[in-house]
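A.B. asks: Take this structure, written in structure tokens, and hold onto it; I'll ask about it next.
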Amino acid sequence: MGIIVQKFGGSSVATTEKLKKVCNHIIKEFEKKNDVAVIVSAQGKTTDRLITEEKEITVSPNKREHDVLVSTGEQITISKLAIMLSEMGYKAISLAGWQIPIITDGNFGNAKIKSIKAETILDLFDKGYIVIIAGFQGINENGEITTLGRGGSDTTAVAIAASLHADKCDIYTDVDGVFTTDPRIVEDVKKLDMISYDEMLELSSLGAKVLHNRCVEIGKKFDIPIVVKDTAKEESEGTIVENSKFLENMEISGIAKDDNISRVTVMGLENKIGKTYKVFNLLAEHKINVDTIVQSFGESINKNLSFTIKTADVPEAVELLESNLEYISAREIICFDNLSKVSIVGIGMTNRTGIAAKMFEALYEQNINMHLISTSEIKVTVLVNQDEADNAVKAIHNKFFK
Ligand code: ADP
Ligand code: ASP
Ligand code: MG
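Numbering-wise, the numbering used here puts 493 at position 222 of the sequence shown, and it's gapless, one number per residue.
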């Protein structure tokens, strides 16, 4: 007997028929005398629909009210699932984030979890309940509803697993594990039986949306094995995300792609100590997430500073920098849209040579231009035109996994 946390994503809970499959997975663990906490997403594309409907009212909604709106999808799923389990003869109870509570900071739309009152769930286990919890949501210290960012139900699930000291966290989704790349892009992908937290963290931060990157961080911190598997399969080993047990690693573990990236260049930035700091501090104060940064020296007393951001953040970032040109001592801001990040990730590259060259060769053979390159110990990222990104992934996949 142990504590099992299961999470079911939007496509897994999309219809009443699919909810029945979900119940089977829950009951199976419960019948093995486990305590079971279940985290669910909104059904199907509900969250997307809510956002579209919100845009019919305004493109710049009040952030507090935005979270009140988009958190509603999950509440529908928890109640339906609890009703269904009760009809099947099981004691089940639904909990919204505030009822536990899951306390977050006050950053609406991208809130971070500060604490979870695990006793609420443990008391319900003691009373024999299967506990069904709304993913993606919490409350801040003023009692206001917050959400954790798109895809955040994974993070709710692993955070709940950590707070309950669960044996593992099963993430049920629409693919049977983590593959060498997104199976929607490449046909002959290979399933990984195991991937380390560090590699998975890179892959999901670089665009592999199979897991929310923050859930991997929590899994690593609290040593919770995360198992990704297919809801449609009755029995599956899936992929386990845990500390690496391999003596030797493959060259790379996977390839990730992230679309809708823009490159912003601050031209003619005065080459004096503190100027670069001013640029990034401005962006940080406005909570604009900056990724790859490259600084080049084009002119004698000035430098050019390029960085990538999500295209959705471009209007705010450009407006902010242009209205502060004098303050940051720069000449102009140039922006380049419709780019994608394509990355290879693997612990194996730390002690091998020629991995980046192999990636660049694959791109060269397809005549794909790289706009920017950045590397770390276990990843190489290149920026390519978005309309060439799928081809880039396919070519790189062929090079490494054929
Ligand atoms: P859920 O709604 O269950 O949270 P998501 O759509 O968020 O599911 O994540 C699952 C999707 O992640 C898959 O359908 C797949 O297209 C995508 N994906 C991206 N990279 C990978 C990868 N390396 N392995 C498996 N799936 C991946
Ligand atoms: N429903 C939320 C979303 O679509 C959270 C999630 O599914 O993880 O982003
Ligand atoms: Mg997801």
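Every residue gets a Cβ at the ideal spot worked out from N, C-alpha and C, and that includes glycine.
Remember, it's a predicted structure, so these values are computed and weren't measured experimentally.
Would you mind stating whether V446 and V498 have Cβ atoms separated by less than 8 Å?
C.D. replies: Not closer than 8 Å, so no.
A.B. asks: Buried or exposed: V461, going by 16 or more other Cβ atoms within 10 Å of its Cβ?
C.D. replies: Checking the sequence, you will find Lys at residue 461 rather than Val. It counts as exposed.
A.B. asks: Could you check where the alpha helix (DSSP H) with E288 kicks off and where it finishes?
C.D. replies: T287 to E302
A.B. asks: I'd like to know if the region 411-420 and the region 352-363 are in contact, where contact means that at least 3 CB-CB pairs between them fall below 8 Å.
C.D. replies: no
A.B. asks: Decide if the region 299-311 is in contact with the region 395-408; the criterion is three or more beta carbon pairs, one per stretch, under 8 Å apart.
C.D. replies: yes
A.B. asks: Counting only the same chain and skipping the five closest in sequence on each side, list residues whose C-beta sits under 6 Å from that of L366.
C.D. replies: I404
A.B. asks: Is any heavy atom in ligand 2 found nearer than 7 Å to the beta carbon of D338?
C.D. replies: no
A.B. asks: Is it true that the CB of V655 sits closer than 8 Å to the CB of H642?
C.D. replies: yes
A.B. asks: Which residue marks the beginning of the beta strand (DSSP E) containing Q566, and which one marks its end?
C.D. replies: I564 to S567
A.B. asks: Take I489 and list the residues in its own chain whose beta-carbon comes closer than 6 Å to its own, dropping the five residues that flank it on each side.
C.D. replies: V429, A430 and A433
A.B. asks: Terminal residues of the continuous beta strand (DSSP E) containing D306?
C.D. replies: Note, D306: beta strand (DSSP E), D306 to V311.
A.B. asks: Please report how far the alpha carbon of L540 lies from the alpha carbon of I605, in whole angstroms.
C.D. replies: 12 Å
A.B. asks: Which of the three DSSP states is assigned to A363 in this structure?
C.D. replies: strand
A.B. asks: Just the C-alpha distance for L463 and T502, rounded to the nearest angstrom, thanks.
C.D. replies: 17 Å
A.B. asks: Run through DSSP, which three-state label would L472 get?
C.D. replies: helix
A.B. asks: What span of residues does the beta strand (DSSP E) with F631 cover, start to end?
C.D. replies: Unbroken run through F631 is the alpha helix (DSSP H), I626 to E636; no beta strand (DSSP E).
A.B. asks: So, do the region 466-482 and the region 300-308 have three or more beta carbon pairs nearer to each other than 8 Å?
C.D. replies: no
A.B. asks: Which word fits E300, buried or exposed, when buried means at least 16 other C-beta atoms lie within 10 angstroms of its C-beta?
C.D. replies: buried
A.B. asks: Exposed or buried, what is T323 when buried is set at 16 or more other beta-carbons lying within 10 Å of its beta-carbon?
C.D. replies: exposed
A.B. asks: Taking 7 Å as the cut-off, is the C-beta of G315 nearer than that to any heavy atom in ligand 3?
C.D. replies: no
A.B. asks: So what's I489 in DSSP terms, helix, strand or just coil?
C.D. replies: helix
A.B. asks: Using three-state DSSP, classify E390 as helix, strand or coil.
C.D. replies: DSSP places E390 within a helical segment (H, G or I) once states are collapsed to three.
A.B. asks: Rounded to whole angstroms, what is the Cα-Cα separation between L477 and K528?
C.D. replies: 7 Å
A.B. asks: So, helix, strand or coil for V330, using DSSP?
C.D. replies: coil
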